[in-house]
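Q: A single structure is presented below for examination.
Numbering (the numbering used here), first residue to last: 6 to 210.
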């Protein structure tokens, strides 16, 4: 039997970008639950050994995708978050940038989310990385993520992001109006809760 010819690596793409894009393409085509590491290696035109050298498993590939999204959002973030813009508006802009960037890989991401609903274990494994990403979003907005209060902020924003991500998956409009409305509403509720907690804290002092 003749050996399969490997695809040549596209010019200008680094290894991790090539693998992540191939993985999401396959997810869009046949569902993330059906995609194997061998499938990803073959689509990327690399050996399993080379894939193993850079990624521990499929979750690791998704984490790399998340870091790529983080980088793109952070590249476009204001260099001076303390410009007087309210925290809620800063977070809104950053997360909407994130959802707009996700649109470039929309079908693949939707396939991954669908697989998480049928098998939640991978989502549980992925949670620490999502929290880490939200920590970076808060830092970009100028929020302090240290200590207990910082952890509460990260957990809260992670919950908001995951909830709105479900809305984004069903929002087929290029302008993402439903996503924008859901995000604005969720951030508004969180802001109201934080203001109430702060008010009670001052009152008890």
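Backbone N, C-alpha and C define an ideal beta-carbon position, used for all residues, glycine too. Only a predicted model underlies this, so the values are computations on that prediction, with no experimental measurement involved.
Do three or more CB pairs link the stretch 158–172 to the stretch 182–200 at distances below 8 angstroms?
A: They touch, by the three-pair rule.
Q: If you follow the alpha helix (DSSP H) that residue 127 is in, where does it begin and where does it stop?
A: Its alpha helix (DSSP H) spans residues 126–145.
Q: Is it the case that the Cβ atoms of residue 126 and residue 174 are separated by a distance below 8 angstroms?
A: No, the pair does not count as a contact, with Cβ atoms beyond the cut-off.
Q: Tell me the rounded alpha-carbon separation between residue 71 and residue 195.
A: Roughly 24 angstroms between the two C-alpha positions.
Q: Kindly indicate which three-state DSSP category residue 182 falls into: helix, strand or coil?
A: Note: residue 182 maps to helix in three-state DSSP.
Q: On the CB-based measure, 16 or more other CB atoms within 10 Å of its CB, does residue 95 come out buried or exposed?
A: Buried, because 16 or more other Cβ atoms sit within 10 Å of the Cβ of residue 95.
Q: Can you tell me which of the three DSSP states residue 20 falls into?
A: Helix.
Q: How long is the line joining the alpha carbons of residue 48 and residue 27, rounded to whole angstroms?
A: C-alpha separation (whole angstroms): 6 angstroms.
Q: Rounded to the nearest angstrom, what separates residue 151 and residue 141 at their Cα positions?
A: Approximately 12 angstroms, taken between the alpha carbons.
Q: Determine the direct distance from the alpha carbon of residue 90 to that of residue 154, and round the result to whole angstroms.
A: If I take the Cα positions, the gap works out to 21 angstroms.
Q: Looking only at C-alpha atoms, which of 136, 106, 75, 148 sits nearest to residue 87?
A: Considering only alpha carbons, the answer is 148.
Q: Might you give, ordered along the chain, the residues of its own chain that have their beta carbon closer than 7 angstroms to the beta carbon of residue 144, omitting 5 neighbours on each side?
A: Within the same chain, residue 144 has close Cβ partners 150.
Q: Please report the Cβ distance between residue 36 and residue 120, rounded to the nearest whole angstrom; I am assuming they are in contact, meaning their Cβ atoms lie under 8 angstroms.
A: That pair is a contact at about 6 angstroms.
Q: Determine the direct distance from the alpha carbon of residue 166 to that of residue 135, and round the result to whole angstroms.
A: Computed Cα separation, rounded: 9 angstroms.
Q: From residue 161 to residue 198, what does the alpha carbon distance come to, in whole angstroms?
A: Their Cα atoms are separated by approximately 11 angstroms.
Q: Where does residue 151 fall in DSSP's three states?
A: If DSSP states are grouped into helix, strand and coil, residue 151 belongs with coil.
Q: Please check the pair residue 18 and residue 69, which I expect to be a contact at CB under 8 angstroms, by giving their CB distance rounded to whole angstroms.
A: Not really, about 13 angstroms apart at Cβ, beyond 8 angstroms.
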